[in-house]
């Protein structure tokens, strides 16, 4: 009988990549956990061979059902940043860990991030989308379940979405944010996350009790702009704008989070002291940024 791995967030970018990659191993069955069994993404996973199960990380009873008979679980938690963000996401991580232990699940892989609060000695305390994942990791480590963790770099797809180069009207394109152009980003393609986690599933004992930072390469924001320009044969530049201008469209809580995150990125590094050592091929060959761009980052209109 094959092992059953439950993948949370299976209809999202990260969880979906994991589900599809783990499916390639015929010795493992994937149970895709989702709140909406009728979504197009869920239907696609069913067609690929996943077992679908309704599960909501806010609903402990649904987790008991989803985890029954499973050997392992991949956990990713994500929420909108608001006044209840930390409490809600931590409770979700706790629910998943508690339910996994109660169900007798033997292995857990969880997506995690740095503690900005710890890395800055308490100077930056509002980057909750990082801190809560670190705190979930620490909770899981204390539980009677074998665990390992993967900390993801910045998704390359950010430059195809909210950081997409925009036409500034003079034949050039600009990527705009409030960070200095010299800020280094450890970049990763979301598709590679799936393959990396699949390798961790297959060789779980090798990676047990570790936190692996996953990034293909370090690129400054200036270098990112130059790479997009080379591939598209266009003039693309990075433009640092004021925090007020960049944060204006965001809610108060998102703005507070991002403002301190930008400081952390430029002054401490995405992975803190481990930022420069982040690129690794330990979990397989990873997509280089310029190759990702060739697959299609569409330059935006003004």
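In my numbering, the protein residues as written are 7 to 308. We put the CB at the ideal spot given by N, CA and C, even for glycine.
Open item on the list: Per DSSP, what are the beta-bridge partners of residue 310 in this structure?
Closed with: Any answer about residue 310 is impossible in this case: the structure gives the chain only from 7 up to 308.
Open item on the list: Is it the case that the segment 18-34 contacts the segment 164-180, given that we only count it when at least three CB pairs across the two stretches are under 8 Å?
Closed with: no
Task: Contact under 8 Å by Cβ, residue 142 with residue 83 - done: yes
Task: Residues near residue 134 by beta carbon distance below 7 Å, same chain, minus five either side - done: Around residue 134: 87, 91, 92, 263.
Task: Secondary structure, alpha helix (DSSP H): runs of 4+ residues fully inside the segment 104-138 - done: 122-125
- [ ] Check whether the segment 266-286 touches the segment 111-126, counting contact only when three or more Cβ pairs, one atom from each stretch, lie closer than 8 Å.
- [x] yes
- [ ] Using three-state DSSP, classify residue 208 as helix, strand or coil.
- [x] helix
TODO: Quick one: measure Cβ to Cβ for residue 103 and residue 140, integer angstroms, because I've assumed they're closer than 8 Å.
DONE: So it is not a contact: roughly 14 Å between Cβ atoms.
- [ ] For residue 234, name the three-state secondary structure that DSSP assigns.
- [x] In the three-state DSSP reduction, residue 234 falls in the helix class (H, G or I).
Open item on the list: With a threshold of 7 Å on Cβ separation, who are the neighbours of residue 25 within its own chain once the five nearest residues in sequence on each side are excluded?
Closed with: 13, 16, 36, 38, 51, 56
Open item on the list: For residue 19 and residue 196, I'd like the C-alpha separation in whole angstroms.
Closed with: 7 Å
Open item on the list: According to DSSP, is residue 77 part of a helix, a strand, or is it coil?
Closed with: coil
Open item on the list: Between the alpha carbons of residue 94 and residue 239, how many angstroms are there, rounded?
Closed with: Near 45 Å, if we compare the C-alpha coordinates of residue 239 and residue 94.
TODO: Assign residue 305 to one of three DSSP states: helix, strand, or coil.
DONE: When secondary structure is reduced to three states using DSSP, residue 305 falls in the coil class, being assigned neither helix nor strand.
- [ ] Inspect the beta-carbon positions of residue 116 and residue 73 and report whether they are closer than 8 Å.
- [x] Against a cut-off of 8 Å, the Cβ pair of residue 73 and residue 116 comes out as no contact.
Task: Check: residue 82 C-beta below 7 Å from any heavy atom of the ligand HEM - done: Among the components of this structure there are no ligands whatsoever, and the ligand HEM is therefore not found.
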